[in-house]
Structures are given as structure tokens and as C-alpha cells.
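Q: Before I ask anything, let me first share the structure, which is written out below as C-alpha cells.
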Amino acid sequence: MEGHNHDILQETVDQEHLLNDEQRSVYSTIINAVDNPTPGNTLFFIDGPGGTGKSTLLKHILEKVRLSGKIALAVASSGIASLLLVGGRTAHSTFKIPLRLNDTSTCSIYKQSHLKGLIQKASLVIWDEVPMTQRHAFGAVDRSLRGLMDNDDEAFGGKVFVLSGDFRQILPVVVRGTPAQTIDACLKSSTLWPKFQQLHLRENMR
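In this note's numbering, each residue carries its 1-based index in the sequence shown increased by 8.
Below is the structure:
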């Protein structure tokens, strides 16, 4: 998951000057959090409508962190979205999120020794296209990482966790669900949501 070509990483980092002011502001905020993780400054949500350069920004963040020798995990809520992230995988495969979820679910990370070590060592986790994922999935990952990092006091065990997506687009699928049930299934209905610092991309790059 974490083997990356140094020259490719350096090439991306060398193009940081191509980021616009909004992208650069978000980039600096995330990199500073990775370099200096402190309680209350580890959780971020990047609101990026189509055309605002979110994928480009995420690539720069991932490769900057990896070039410094740190581990950055890239996951997405769908297989297609994960292909747009360098070294990306689906969130369900990375965190072993159970298919059936409720408000006490946890992940099966402990059964995967290599995966456990990789997550423990990671300095950054980026999770793209989060609006389509049910809130219980985030709760399961949160509970599991608190245990994995032996840190019950901080959400996601104190990891720098960057979520991204556009709530104006697709929301979680609730089979035969009402609009109210769909809203209830959203990340925004989770008790974790208020803990995330909101970062916005608005400038259309197309």
C-alpha cells in the first residue's frame, strides 16, 4: 500500500506553485496538522464541489507527506473514486468495515497484523467521497482506531483524518428508506461531524 516512487513524489511536490490560493490554504492547514498534531486540530472536512481541484489537492497533500518519509493512507467510499487517489483503496477494504452496521459496530483490523501496524504508523488518513457512506461506518472506524491507538479520549485515536466530498451530490443509499432516513444515515447526522474543521474549495478550475 505504501510503496511510492520518489521521483514521482518529488515531481508532484515541485508543482505546488500551481495550486490556487484556496488550495494552498487548505494544503498548508493539513500539512501543518500532520507536522504538528495536537488535540482538537486533527480532523478536517474538505468541501469540494466538482471542478474545484479537490483531487489535485489531495494528490499534493498525499505526496508531500509521503516524500517526508511518513505514511499517508488514501481511501475512498467507492472503488472508482479510490482509483483517483495515488495508492488508494476502498475504505471498507482498508479498515475492514463490516457490511452490516449499527451504532456499536467495530472493524476487524485486529485480525490483520500488517494492516494494524500500517494504520498505527500512519501520520495521515485521507477519505474521499464520504457523503455516500453511512455514518455508522465512520463510527466503526472511530471506535476501532481509539482502541488501536490506545487513545479513547480523541476521535479516530488522535490520527490526522481528512474527509472530503460534496454533499450536494450522492448521499448514502438506504434501501426503501424515506428522505428522513437518508438524512439520518448521513455523516452530518453523526456525533463525530461537529468535531471536523470545515475547509472549502469554491473556485472553479475548469
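Beta carbons: idealized from backbone N, C-alpha and C, even for Gly. Being a predicted model, the structure only gives us computed values, none of them experimental.
Helix or strand or just coil, what does DSSP make of phenylalanine 146?
A: helix
Q: Could you work out which residue in Arg210, Arg32 and Phe169 is closest to leucine 81 when comparing CA atoms only?
A: Taking only the C-alpha atoms, the option nearest leucine 81 is Phe169.
Q: Please give me, in chain order, every unbroken run of the alpha helix (DSSP H) with length at least 4 that falls completely inside the region 60-89.
A: Qualifying alpha helix (DSSP H) stretches, in chain order: 62-75.
Q: I need the boundaries of the alpha helix (DSSP H) containing isoleucine 191, first residue and last residue.
A: 187-193
Q: Tell me where the beta strand (DSSP E) around glycine 173 begins and ends.
A: 168-173
Q: If I measure Cβ to Cβ from leucine 65 and keep anything under 8 Å in the same chain, skipping five residues before and after, which residues do I get?
A: Leu27, Gln31, Val34, Tyr35, Ile54, Gly56 and Leu209
Q: Does the separation of the CB atoms of leucine 207 and phenylalanine 52 fall below 8 Å?
A: yes
Q: Within 10 angstroms of the Cβ of valine 129, are there 16 or more other Cβ atoms? Answer buried if so, exposed if not.
A: Reading off the sequence shown, one finds lysine at residue 129, where the question assumed valine. Burial call: exposed.
Q: Do isoleucine 117 and leucine 109 have their beta-carbon atoms positioned less than 8 Å apart in this structure?
A: no
Q: Give me the Cα-Cα distance between methionine 9 and glycine 185, rounded to the nearest whole angstrom.
A: Bear in mind that the predicted position of methionine 9 carries a pLDDT of just 44, short of 50, making it unreliable; the figure below should be weighed with that in mind. Cα to Cα, the separation comes out at about 36 Å.
Q: Is the Cβ-Cβ distance between glycine 173 and proline 202 less than 8 Å?
A: Going by C-beta atoms, glycine 173 is not nearer than 8 Å to proline 202.
Q: Taking only the alpha-carbon atoms, compute the straight-line gap between glycine 147 and serine 76 and give it to the nearest angstrom.
A: Our two residues, glycine 147 and serine 76, have alpha carbons roughly 30 Å apart in a direct line.
Q: Going by the beta-carbon positions, is the gap between alanine 89 and aspartate 158 smaller than 8 Å?
A: no
Q: Can you check which of these residues, Ile38, His68 and Thr46, is closest to histidine 25 by C-alpha distance?
A: His68
Q: Under three-state DSSP, which class holds aspartate 43?
A: Residue state, collapsed to three classes: helix.
Q: Under DSSP, the alpha helix (DSSP H) around alanine 99 begins and ends at which residues?
A: First-last of the alpha helix (DSSP H) with alanine 99: 99-103.
Q: Which residues mark the beginning and the end of the alpha helix (DSSP H) in which serine 197 is found?
A: Element bounds for serine 197: n/a, residue is neither H nor E.
Q: Could you tell me if proline 180 is buried or exposed, where buried requires 16 or more neighbouring beta carbons within 10 angstroms of its beta carbon?
A: buried
Q: Closest by CA to phenylalanine 164, which one among Ala188, Pro187, Cys115 and Arg176?
A: Cys115
Q: Quick one, which of Leu126, Asp161, Leu132 and Arg97 has its alpha-carbon nearest lysine 72's?
A: Leu132
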